[in-house]
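These notes are about the structure you will find just below.
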Amino acid sequence: MNEALSLDGVTYKFGDFTAVDDLSFSVEQGECFGLLGPNGAGKTTTIRLINTLLPVQKGDVRVFGHDVRHSAMAVRRLLGYVPQQLSIEGGLTARENVTWFARLFDVPRRERKARVDEVLDMVDLLPDADRLASTFSGGMVRRLELAQALVNRPALLVLDEPTVGLDPVARDSVWQRVTDMQERYGMTVVLTTHYMEEADLLCDRVALMHRGSMRVIGAPDDLKAGIGPDASLEDVFRRYTGDSLTEAEKGGLRSVRATRRTAGRMG
Ligand SMILES: Nc1ncnc2c1ncn2[C@@H]1O[C@H](COP(=O)(O)OP(=O)(O)O)[C@@H](O)[C@H]1O
Ligand SMILES: [Mg+2]
Numbered sequence: 080m081n082e083a084l085s086l087d088g089v090t091y092k093f094g095d096f097t098a099v100d101d102l103s104f105s106v107e108q109g110e111c112f113g114l115l116g117p118n119g120a121g122k123t124t125t126i127r128l129i130n131t132l133l134p135v136q137k138g139d140v141r142v143f144g145h146d147v148r149h150s151a152m153a154v155r156r157l158l159g160y161v162p163q164q165l166s167i168e169g170g171l172t173a174r175e176n177v178t179w180f181a182r183l184f185d186v187p188r189r190e191r192k193a194r195v196d197e198v199l200d201m202v203d204l205l206p207d208a209d210r211l212a213s214t215f216s217g218g219m220v221r222r223l224e225l226a227q228a229l230v231n232r233p234a235l236l237v238l239d240e241p242t243v244g245l246d247p248v249a250r251d252s253v254w255q256r257v258t259d260m261q262e263r264y265g266m267t268v269v270l271t272t273h274y275m276e277e278a279d280l281l282c283d284r285v286a287l288m289h290r291g292s293m294r295v296i297g298a299p300d301d302l303k304a305g306i307g308p309d310a311s312l313e314d315v316f317r318r319y320t321g322d323s324l325t326e327a328e329k330g331g332l333r334s335v336r337a338t339r340r341t342a343g344r345m346g
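In structure tokens:
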């Protein structure tokens with residue numbers, strides 16, 4: 080068994096507030112794994128523990144066997160990361176943005192130009208390679224970030240809400256490229272999303288997070304079958320989080336009731 084990623088008893092607190100609560104799961108090499116949950120569930124915090132941007136306070140996080148606490152540099156070399164927040168430089172061209180990452184991640188000098196063009200082509204930005212990123216649409220910016228994350232051919236690609244702001248055509252095109260890379264290089268993919276349909280299509284397995292802890296984990300088809308015939312992943316999601324995807328935004332009494340309903344159902 081080849082584990083690309085494993086979390087064991089991971090808890091993370093911001094002050095007194097527990098953002099990630101005793102989380103354990105592992106991801107096999109070559110798998111596409113989805114971390115799902117409403118806003119505030121703890122997805123981004125989990126991702127930032129994996130990619131060494133937050134210090135592990137409690138529990139273990141391993142990337143291809145490397146403990147992120149002791150081998151942060153090794154982990155960073157194995158990882159490609161598309162953050163939820165924008166990470167490109169508007170004052171640089173698309174090509175300069177990707178070249179900068181290629182340098183940062185030690186892509187050999189003589190391969191650099193070809194590799195930069197290859198990833199720009201993958202995300203359909205080659206014709207716009209010499210335009211300033213500040214002139215790009217939201218969708219183009221997102222694809223540029225994907226190119227940055229792919230330029231060092233990461234063994235583990237981590238994507239935090241990668242398709243927010245992309246139109247359906249651009250979204251499909253991004254996913255097609257991610258899937259290609261996965262097949263060609265055996266890349267492992269961990270993504271967060273609140274688009275259930277997308278997770279259903281793409282992920283071999285998903286984990287549902289709610290208020291920092293994991294509610295359920297499994298293959299989308301198995302989870303749907305557990306709810307009933309014709310159930311969607313959205314139905315699974317509702318069952319385990321007790322409300323819609325925007326629960327955290329609604330707040331108030333409704334949210335309290337929903338929590339109680341969930342607690343009742345889950346015994
Ligand atoms: N820097 C921070 N300081 C305090 N609380 C935070 C911080 N970052 C996130 N949180 C809180 O932790 C919880 C989980 O956040 P996050 O991991 O971003 O959730 P998600 O990505 O699932 O929307 C939220 O309640 C959020 O408000
Ligand atoms: Mg997030």
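With the numbering used here as the guide, the letters of the sequence shown map in order to residues 80 to 346.
No residue lacks a Cβ here, since even glycine has one placed at the ideal position from N, Cα and C.
All figures in this text were calculated on a predicted structure; none of them were measured in a lab.
Assigned secondary structure, residue i (DSSP; H/G/I helix, E/B strand, else coil)
| i | result |
| --- | --- |
| Ile167 | coil |
| Ser213 | helix |
| Val89 | strand |
| Val154 | helix |
| Leu280 | helix |
| Ala83 | strand |
| Val220 | helix |
| Arg127 | helix |
| Ala226 | helix |
| Gly244 | coil |
Continuous alpha helix (DSSP H) stretch holding residue i: start and end
| i | result |
| --- | --- |
| Ser252 | Pro247 to Tyr264 |
| Gln178 | With the sequence shown as reference, residue 178 is identified as Thr, and Gln is not the correct amino acid for it. Run containing Thr178: Ala173 to Leu183, per the alpha helix (DSSP H) assignment. |
| Thr320 | Leu312 to Thr320 |
| Gly305 | Pro299 to Ile306 |
| Val198 | Arg188 to Met201 |
| Leu205 | Per DSSP, Leu205 belongs to no alpha helix (DSSP H) and is neither H nor E. |
Euclidean distance between Cα positions of residue i and residue j
| i | j | result |
| --- | --- | --- |
| Asp196 | Thr320 | 43 Å |
| Leu235 | Leu158 | 5 Å |
| Leu270 | Gln163 | 11 Å |
| Arg194 | Pro187 | 10 Å |
| Leu229 | Ile306 | 37 Å |
| Val99 | Pro134 | 13 Å |
| Gly113 | Ala208 | 31 Å |
| His289 | Glu190 | 43 Å |
| Val161 | Arg232 | 13 Å |
| Lys192 | Glu224 | 17 Å |
| Val89 | Arg210 | 43 Å |
| Leu132 | Phe180 | 17 Å |
| Ile167 | Asn176 | 7 Å |
| Ser292 | Trp254 | 27 Å |
| Leu84 | Val248 | 31 Å |
| Leu287 | Leu128 | 17 Å |
| Thr172 | Leu204 | 11 Å |
| Gly121 | Gly138 | 16 Å |
| Val96 | Pro206 | Per the sequence shown, residue 96 should be read as Phe rather than Val. Distance between the alpha carbons of Phe96 and Pro206 is about 47 Å. |
| Thr94 | Pro308 | Correcting the residue type first, residue 94 is Gly in the shown sequence and not Thr. Answer to the nearest angstrom: the Cα atoms are 44 Å apart. |
| Leu302 | Leu312 | 7 Å |
| Leu199 | Asp259 | 14 Å |
Residue i: first and last residue of the uninterrupted beta strand (DSSP E) it sits in
| i | result |
| --- | --- |
| Asp101 | Phe96 to Glu107 |
| Ala286 | Arg284 to His289 |
| Val269 | Thr267 to Thr272 |
| Leu132 | Premise fails: Leu132 is in no beta strand (DSSP E) and is neither H nor E. |
| Asp239 | Leu235 to Asp239 |
| Gly113 | Cys111 to Leu115 |
Bridge partner(s) assigned by DSSP for residue i
| i | result |
| --- | --- |
| Met293 | Met288 |
| Lys137 | Thr90 |
| Asp146 | Arg141 |
| Val161 | Leu238 |
For residue i, the nearest candidate out of the options (CA to CA)
| i | options | result |
| --- | --- | --- |
| Glu277 | Arg294, Pro299, His289 and Met293 | Pro299 |
| Pro117 | Met275, Leu199, Lys192 and Glu107 | Met275 |
| Thr267 | Phe93, Asp279 and Asp283 | Asp283 |
| Val295 | Leu86, Leu281, Phe96 and Arg318 | Arg318 |
| Gln108 | Glu82, Phe96 and Leu302 | Glu82 |
| Ser216 | Arg263, Leu238, Leu165 and Asp200 | Leu165 |
| Gly169 | Gly119, Thr214 and Lys122 | Thr214 |
| Leu238 | Leu205, Phe184, Leu115 and Asp301 | Leu115 |
| Val106 | Glu262, Asp251, Met201 and Arg141 | Arg141 |
| Gly144 | Ala153, Gln261 and Glu262 | Ala153 |
| Asp279 | Ser252, Asp314, Thr97 and Ala151 | Asp314 |
| Glu110 | Tyr264, Thr123 and Asp185 | Tyr264 |
| Leu183 | Met201, Val243 and Arg155 | Arg155 |
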